[in-house]
Amino acid sequence: MSHLHHDKKILNRVKRLKGQIHSVEQHLEAGDSHCIEVLQQVAAIKGAINGLMNELIEEHLRHHVLAEATAVNETELEEFLKLLKRYG
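Residue numbering for the sequence shown follows numbering that gives the first Met the number 0, starting at 0 and increasing by one per position.
Below is the structure:
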């Protein structure tokens, strides 16, 4: 996936995740957060990780799996990616 180092969108997602995780760590170290607040932050991180995973899978499909395909049904591909995002 050498093409990923050019993708600022993916890199920005990773940086946001890093910031979210750092924030949870700080709250836990300080001991001043309520459990519900920490759980909400962790749930947000989980959602962000799922979004990152979906984005990486899509990039892999487009750049590696389908790169040599002679004909790609874009409608079917988009439908598959929607399902993946919904249930992945």
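The beta-carbon is built from N, C-alpha and C at its ideal position, and this holds for glycine as well.
Using 8 Å as the Cβ pair cut-off and three pairs as the minimum, do the region 49-63 and the region 6-16 touch? Here the region 49-63 makes contact with the region 6-16; the two share three or more CB pairs at distances below 8 Å.
Helix, strand or coil for V23? Go by DSSP, reduced to three states. Looking at V23 - three-state DSSP - the assignment turns out to be helix.
Going by DSSP in three states, T74 sits in which element: helix, strand or coil? Helix at T74.
So the alpha helix (DSSP H) G46 belongs to, where does it begin and stop? For G46, the enclosing alpha helix (DSSP H) covers residues C34 to H59.
Among V23, K7, G18 and R85, which residue has its Cα nearest to the Cα of Q40? The residue from V23, K7, G18 and R85 with its alpha-carbon nearest to that of Q40 is V23.
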